[in-house]
Structure formats: structure tokens, C-alpha cells
């Protein structure tokens, strides 16, 4: 898989004062035209992973590893290169457009800002482009002099998406793009993102806590827990045959998009915080299948299995069969 | 508060103060009160009598903090000056507190249009800076402490009234008030006996901070020669008289009372802010 | 339509406040002990013609409200009566001293804005650092130093000891005036500088943590542009809101600073006229300061939608 748009290799990010790394040995790839899901509970490190692709790590963070965008290492890039990247090849769509778009500036200003400030376009040309972008996200009649508070949440998220498209990006990072919206507009925004991705052949990284959503819309899915990738598989495989107990737990705690509604079983316990470190598998404390002496001693490696997937669980193979039976 | 209410306490604390700072400031206040009470016995000399043979003197065994251009002993003046310098602000805070509590309780309890009208009037009073009102009072009633203290109480009243009004309106919705009323107690009784004790700590905290600002305003007034009149010793008046010494290059007799004012203002501010944090809990 | 209505309502509110405050200032004369005429001419021996002029001006035979109306009408036309100290119209007396005070307040305002916003912004950007500690120390010390103390210290150090600045008077010619006004302006601005620094610092810290700032950075906007267009721009609200307080506070404090530096201006005029019993001048000056507060606050209210467009909608509803 050479020619990946985004290629994160063994990324480790440490914050001062934290007991464990925010990210530990995270490797992740997104190729052009591919939709990749990144799933995990809040605090698992999925947003930090996505932000690393923009070189936006929290202040004071120490990082190791490589983050390649289009073959260029983001972590070692200088300011100018980083700005070029942010206003060009990579764009991010944030969770809450109300918080993400400056409330005291007009939406035209939001849309044209990178074009005018970084690419030095004249105002007229940038505004024409902004109008095209608004049309592309289904808001052809929206005037550029409107303020964010005059728009609904769904419209504003469309503006956010239009803004993300301004620099003709090839990689789109979507951080919980529908979480802050009402249910009725969530599907519209997802459909819009899917359409744009196909039309433009974008690489898309979808960050979500909703594993069903990821399974339904993505080609491949990474599952994250406490800063580590614990499972990685093609979406259909992951959805049909989860191998990591955590993935199984997530699937059990989400209402299915299709089929009869079963009783939901939440994953017991709470994810471990940055102030806690586990010598072995970070999930062991919450895992129904944890075995004393095996799970708490060493951190399980992310080991490749058949059919292009990988699992970080010492019991992955033995658990596979009974899990199959439960499912069918 | 005509001058601007900057909260000194929290800032000092962020600079590494904390509980020790609070205790130190409390100690300063206690010392100030003690000095004011015992000044006639503590003062080594009579500061109203000038020794013309020894003017603008530096620190010496005879004059611990030197003398001013009239040969008055600065140390003794500082001790005796604490009396008027603390008495004035005390008057302001007591009058503003009592008035503010009465107006705020009434306004917050009654609510409706009465509340709206009172709030509007208070807003208008905010347009009068306290020092300006004090100066106007002097223009009308003559120099001295009495009229300016009352005028400043009027200027400070809106702050207390607004605080009490908000707290009362909030407190009124609490179940215990309804319980009192159901038991047949009259509304004024409930307001004074039930509500007031619950908001008193917050009012006390605000009054402590205001004490510092009132002290500053009154010192400014005396500095302008409109407040406490010589020979009565007063910090502001001392600074006023020391100006010629400053021009003569002997600023000590000005620096001493300035330091006293600054120290007192900081101490009142820190203690008041801390009391406010405690009552907010 | 509704915007014009809101504007009209706000202006009506301002007019009402001005009316009430002017009434309070007017009626304060009648609080003075004794007969108003003899109060106004205290300490002087006016001739019968002057006494008659006072009676005519105040119309003491008319009902109270009518007297107020005439006074207000005259004041609106710039007639605030006569100064018995200067034997001139009050308006002329004040007018002659206003420019010096305005220069003082303007220089102080520039200092406050530059140092306050600069230091506050620096503290916010370097939050928790040594620089920030220095800024906080400056705020603390500045807030604790009353303007008369600042005046004495500055005068003693830079005027007397070092001799860099004149210690008395206004100076003549623009450069000389600026030279004379600089120390007083610093003394005047210390307290307010502390206020503006503190407000700027906390407001900018609040904005720096906002997601829209991260979004702007994530889209490749230059850091400096983000600071200006998103952080400082959004932090302006609280800073501008204190300006009413700032203007009236500074106008009153000119009394202290001008007196301390032996300058001629409306502040020292106020003190002089209180001292020498020239009440009509005092009355006019009080009205001036109060009106300045009310008008600046109105201006801030009216301009606020430009700073935060979300407010405009709330008001027009």
C-alpha cells in the first residue's frame, strides 16, 4: 500500500504529567479514495491521532514516530510547510460547528480565510470560490454576509465542510462530524460527506464513537483503546466477526442499524484515564475474558491475522470460535 | 470603587500567596485596629506640635520615621492618623451596608415593577463615581469627614443593594422560605430572620473589600485638602502636607502614609476576597 | 425596522438617565444649608446688581420644577451660570481648562490601551510563564497604588531626583505640553492599566481555549493573523465594556493628578472651586462627568453589535 495519503507509523505521544502515553505505537493508513474508520470511546486518543496529521499536537507534547502526509513528514515539517499542508492537502471537519466557526465573523470570512491569508487570493476571486463551495455542499442560496448564529446546526456543519474543501484537499479528517447535530440532519451530513468523497476521490478518515456507523460507511476500521490500536480489519469482517473483546463489547453496546433490536450490553467499567498506567493489556480490567497471569503482565502486540486484519489480544485465537457461536 | 475595583487578592494568591497571605493580611488588619485604638498611648510625641528646629528630618532615634516640613513627627502622625483613616471608611461601609441591605431585601423580595424601578434607580446612581459625590458633598456642606462619608455611602449603596437583591431573589425560591411562610410568619419577618443570615457572609465579604476602596477614596479627598483638616492627623492629609517636602527632595514624610494606605487597601482586599470565596462555598 | 426601534428605545433610555441625573445635580443646591442665594455668594460681598442677576437666573419665585426646566434649558444651550470666583461664565471657565485635561486623559488612554492590551495579551499567550508572572505582579501592584501615591512617587523620582520631567505646570506648545503631561498621565493610568490588563488577559485566555481558534490554525491561517482576527477580536467585548467606567473614573481622577502636579485643568478647577466656594462651577463639572459616563456607556451599547453580532439579534427581538 505505497502511495498512501496518510501514513502514521508507530506514533507515540507523551504529555507531561500523564502516567501513560496519549498515543502508543499507533500505525494507521488512509489511501486515496478510501474511507477509513477510527473508533473508540472518548479519551481513547482518536482525536489526537487525527490532529497529528495536521501537526496539531497538544502544547508540551513529546512525540516519536512518523506521520507522513503525501510522503511528507508532518512532525518535522517547518511552519511554512505545515501551513501549506493545512491549507492544502489535508482538511479537518470538527465536531461542533457552533464552537468551531468564529461566532463574530461572517461565514464568507470563514470560507475565504485560508484562500486570502495563506494563498493570497484577491477578495473577489476568493468569494467566487466560496460561493461555489457553498453550492457544492447544498447551500447554493446562502449569502456570504450571514453570521453563524443565523444558521441552523446542520447548515453550519455544511459551511464547515465547505470551508474544509476550500484548499482542494485530498485527505479529509472528520472528527465526530455528526455528533453535535440532531438525528434528522446527521444522515444528511453523512450522505453529503460520502458523496463528496466519491466525487473527488478523497481519502477520508472518519473518527467516531459509533462502531455501527463506522462499519456501515467505511472500507476499513481501526479500533482504539487507551492510546493503542487494538483491532484493525475490513469493515465487514470487523462487524461480522469481531476478534478483540473490546470490539465485541462496543458492538454489543450499540443498537444495530438493521435487524431486530436486542438488549444492549454496555461495556462494563470506565476507560482508564491518562493518570493510570497498566503494565499489561489496558482493557484487562474491564474484560470478561481476561485471564490472570496472561493479560496483566505484558502489553499484547497488534498481530496480523488472516484476511488483512490484526488484533492485539493474547486470547484472540482461542476466543474466535465461541464468539462466532454467540453471534450466529 | 469610584476608582476601579480590581481584585487584588486572587492575583496575589496566584503569585504564590495562599493561606499565609490571608493570615498575614488578617494580621495587618488586626494591627491597624489595635494601633487606631491605642494610638494616644502608643504615639511617642504629639504630632500636632511641630518642632521647627528639626523639619524634614530623616530617620533618627528621636523621630523614628523622620519629620515633615513642619517638624511634625511622622511616626506619631501615622499612628494617630490611623483613627480617622479607619473611622471614615467604617462609616461609609456601615451606612452603605445597612442601606443596601434594606433596599436590596425589599427590592428582591417584592420583585415585579417595584424591583424594576429600584433597579433602574440604582443603575442611575452608578453614574456617580464615589469620589465625585464626596467632592460634591464637600462643596455643599463644607470640608470635613461627615458629609463625604454619607455621600460615599450613597455611592457605595448600589453595589451592596444589587448584591443583596440578587441573593434575596435567589434565596426566596428556596423551600425553607415557603416553609416559614406556610407557618404563618409575616414576610418582613421571614426576610430579616430567615433570608438575611444566609446572605450576611457574602455582604460582609463585599463590605470588607469596599472598606479598602472607601479608605482609598477618603485618603484621596484628604489629599486634595477637602477631607480631614489639620491639625487632626490623617494619612491623606499627611500626604497632602508632605508635597512640598517631596519637591525639596525629602519624600520620606509622603512615602510613609502612602505605604500605610497601600498596605491597608491590599489587606482589606485580600481578606474580603477570601471571605467572599468562603461564603460562596 | 425593529433595529431602528431598538436604537430609539436605547436613546430614550439614555435621555431619561440624563434627565434624572441632571435633576439630581440641579436639586443638590437645595440640600445646602440655608438660603440658596446666600449659599451661592458665600464668602463674597456681591453688589445688589449681582444678587438681582442670581435671583433672575434661578427664578427663585417660580415653582421648583419650572426652575429646573429653565436651568436645564440654559444648560442645554451651554449656559451654566456665572463663576463668582473668576467673574466669567462657567462655560468659559471650564472651556479654557478642558483642553489640558482632555490631553491628559487622551495620553493616559493611549497608555492604558497600549500597555493594558499589550501586557494582558502577552500574559495570556505566555500563560503560567515568568512573563505572565511579571504581568500579574504589575496588575497587583498597579491596582494597589492609588493615583495620588503614583503621582507623589513619580514626581519624587523622575521629577525631583532625576530631573527628567518638569514637576509643575502645563507647559506651552505641543511638545512641551506632552513633556509636562507624561508623568501625570502615567499616574492617572496606573489603576486603570491594571484593570484593562487583567480584563484583557482573562478575556484572551478564554478565547485562546476556544475551538474556533484551533480550527483557524488547522486551516493554515498564519499564527499572527489568528491572534488578531480570532483571539483579540473576540476578546474585545469585555475590554470595551469597561470603557464607560474608565472615562468617568479618569475624569474624576484628574482632580487628584492635576492637583498633585500643579496643572491647570478641569480636575484642579473642581478642587479649587470647592475650596473657594464657587458652587455653580462645581455643579457644571459634576454634570459633565456624569454625562460623560452615561454617553460613553450608550456609545458602547450601540457599538456592541459591531463587536458581537449575536447581541444585535437579541435586542431586536
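Protein chains in written order, with this note's numbering: chain Y, 629 to 956; chain D, 325 to 605; chain W, 71 to 387. By construction, the Cβ of each residue, glycine as well, lies at the ideal position given by its N, Cα and C atoms.
For residue 592 of chain D, the closest C-alpha among the options W:359, W:214 and W:226 is that of W:214. When beta bridges are read from the DSSP output, residue 158 of chain W appears opposite W:153. Using a CB distance cut-off of 7 Å, residue 101 of chain W counts as an interface residue toward chain D.
Between residue 250 of chain W and residue 730 of chain Y, the gap from beta carbon to beta carbon reaches 7 Å or more. Under the Cβ criterion of 7 Å, residue 472 of chain D is not counted among the residues facing chain W. The continuous alpha helix (DSSP H) containing residue 376 of chain W extends over residues 349 to 377.
Look at the region 263 to 274 of chain W: it has no residue with a C-beta under 8 Å from a C-beta of chain Y.
At a cut-off of 7 Å between beta carbons, residue 219 of chain W contacts chain D. By the Cβ-count criterion, residue 495 of chain D is buried, with 16 or more other Cβ atoms from all chains shown falling within 10 Å of its own Cβ. Along the region 334 to 349 of chain W, going in chain order, the ones with a CB nearer than 7 Å to a CB of chain D are 340, 341, 344, 345 and 349.
Counting of Cβ neighbours within 10 angstroms places residue 467 of chain D among the buried residues, the total reaching 16 or more. Cβ-Cβ distances below 8 Å link residue 932 of chain Y to 938 in the same chain, with the five nearest sequence neighbours on each side left out; the list follows chain order.
Residue burial annotation: residue 409 of chain D is buried, with at least 16 other C-beta atoms found within 10 angstroms of its C-beta.
With respect to the C-alpha of residue 134 of chain W, the residue from W:96, W:178, W:173 and W:83 having the closest C-alpha is W:96.
Residue 870 of chain Y does not reach chain W, its nearest Cβ partner there being about 33 Å away, counting only Cβ pairs nearer than 7 Å. A contact is defined here as three or more CB-CB pairs under 8 Å, and the region 636 to 652 of chain Y meets this definition with respect to the region 903 to 911 of chain Y. Put simply, the CB of residue 326 of chain W is near chain D, with a gap under 7 Å to one of its CB atoms. A buried status is given to residue 399 of chain D, since no fewer than 16 other beta-carbon atoms sit within 10 Å of its beta-carbon.
By the Cβ test, the region 653 to 672 of chain Y is in contact with the region 823 to 843 of chain Y, since at least three Cβ pairs between them sit closer than 8 Å. According to the DSSP assignment, residue 825 of chain Y belongs to the alpha helix (DSSP H) that extends over 811 to 828. In the same chain as residue 693 of chain Y, and ignoring 5 residues on each side of it, the C-beta atoms closer than 6 Å to its own belong to 637, 638, 639 and 640, in chain order.
Among the residues facing chain D, residue 329 of chain W is included, as its CB has a counterpart in that chain under 7 Å away.
For residue 103 of chain W, the closest C-alpha among the options D:469, D:464 and D:583 is that of D:464. Residue pairing by DSSP places residue 932 of chain Y opposite Y:938 in a beta bridge. For residue 270 of chain W, there is no enclosing beta strand (DSSP E); the enclosing alpha helix (DSSP H) has its first and last residue at 244 to 278. The alpha carbon of residue 279 of chain W has as its nearest neighbour, out of W:296, W:99 and W:83, the alpha carbon of W:296. Between residue 440 of chain D and chain W, the shortest Cβ-Cβ separation is not below 7 Å. If you ignore the 5 residues before and after residue 900 of chain Y, its C-beta comes within less than 6 Å of the C-beta of 854 and 910, all in its own chain and listed in chain order. Legend: CB atoms of the region 223 to 242 of chain W lying less than 9 Å from CB atoms of chain D belong to residues 223, 225, 226, 227, 229, 230, 231, 237 and 238.
In the three-state DSSP reduction, residue 393 of chain D falls in the coil class, being neither helix nor strand.
The Cβ-Cβ distance between residue 808 of chain Y and residue 724 of chain Y falls below 7 Å. Using beta-carbon distances, residue 379 of chain W counts as an interface residue toward chain Y, with a partner under 7 Å. Within its own chain, the residues whose Cβ lies closer than 7 Å to the Cβ of residue 413 of chain D, once the five positions on either side in sequence are excluded, are 535, 538, 539 and 542, listed in chain order. Around the beta carbon of residue 497 of chain D, fewer than 16 other beta carbons sit within 10 angstroms, so the residue counts as exposed.
Listed as beta-bridge partners of residue 720 of chain Y by DSSP are Y:801. As DSSP reads the structure, residue 665 of chain Y sits in a beta bridge with Y:834 and Y:849.
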